[in-house]
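The structure under discussion appears below in the form of C-alpha cells.
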Amino acid sequence: MSDVLSPESVAASIARIPYARFLGIEFDVKGDELTLVLPFADHLVGRPNPPFLHGGVIGALLEISAIAQIAASSGAKTTPKPIDVTVSYLRGGKPMETYARAHISRLGRRIANVRAEAWQSSRDNPIALLHGNFMLKRED
687 MSDVLSPESV
697 AASIARIPYA
707 RFLGIEFDVK
717 GDELTLVLPF
727 ADHLVGRPNP
737 PFLHGGVIGA
747 LLEISAIAQI
757 AASSGAKTTP
767 KPIDVTVSYL
777 RGGKPMETYA
787 RAHISRLGRR
797 IANVRAEAWQ
807 SSRDNPIALL
817 HGNFMLKRED
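Count the sequence shown with my numbering and you get residues 687 to 826, in order.
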C-alpha cells in the first residue's frame, strides 16, 4: 500500500462509479487518510418528516468509501467488486453533511477486507459501519 494517496488516483476511482457522481460525493486526502464527503441535498432524504437520509444512500457512501480506498491504495485501474458487505445502521442520518472513511484490514492479491464508518457532527459518534470483502481484478 502507498504511504501517500494520490488525489488523482482517488478522483479516478470515484469517477468510475456513476452513483457517486449522482450523490455528489467529494473527497479530501491528507497523507494516507481518505475521507469522503457527502454534501446534503434534498433528493437524499428517505423519510421526510422529520427528515433523515435514506439508508441506501448511507450504505452507498460507505461502500464507495471502501472501493475508493482499495483502488487508490492498491493502484488498481479497475473498480473492486463487492463479494459481501454488511452495513450496521447505528442511528438516523440527519439532513447535514456526512463523512466516511475506510480502513483496509487486509489487501491481498485477489481479495481485500475493509471496514468503514460514516459520521456527521462527530467521528466519535458514527451513524453507520461497514464490514466487507471486495474482489480485486488480477492484472497479470
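Even glycine gets a Cβ: it sits at the ideal position worked out from N, Cα and C.
Discussion item. Below 8 Å, how does it come out for the segment 698-717 and the segment 738-751: are there three or more Cβ pairs, yes or no?
Written reply: The segment 698-717 vs the segment 738-751: in contact.
Fill in: Pair within 8 Å by beta-carbon distance, ASP718 and LEU691
Locating residue 718 in the sequence shown gives position 32, where the first residue counts as 1. Locating residue 691 in the sequence shown gives position 5, where the first residue counts as 1. Taking 8 Å as the Cβ cut-off, ASP718 and LEU691 qualify as a contacting pair.
Worksheet item: Just reading off the beta strand (DSSP E) that ALA895 is part of, what are its end residues?
Response: Residue 895 falls outside the range modelled here, since the chain spans only 687 to 826, and no answer is possible.
Fill in: GLY724 - containing beta strand (DSSP E), residue span
By one-based count along the sequence shown, residue 724 stands at place 38. Inspection of the sequence shows that residue 724 is occupied by Leu rather than by Gly. From DSSP, the beta strand (DSSP E) with LEU724 extends over 719-724.
Worksheet item: Given that a residue counts as buried once 16 or more other Cβ atoms are within 10 Å of its Cβ, and exposed if not, what is MET687?
Response: As a first step, residue 687 is located in the sequence shown; it is residue number 1 there, counting from the start. Reliability fails at MET687, whose pLDDT of 45 lies under 50, so the model's placement of it is uncertain and the value that follows must be treated cautiously. Counting Cβ neighbours within 10 Å, MET687 comes out exposed, since fewer than 16 surround it.
Fill in: Helix, strand or coil at SER774 [DSSP, three-state]
Indexing the sequence shown from 1 puts residue 774 at position 88. The answer is strand: DSSP assigns SER774 an E or B state.
Worksheet item: So, is THR772 buried or exposed, given that buried needs 16 or more other C-beta atoms within 10 angstroms?
Response: Taking the sequence shown and counting its residues from 1, the one referred to as residue 772 is at position 86. With fewer than 16 other Cβ atoms within 10 Å, it is exposed.
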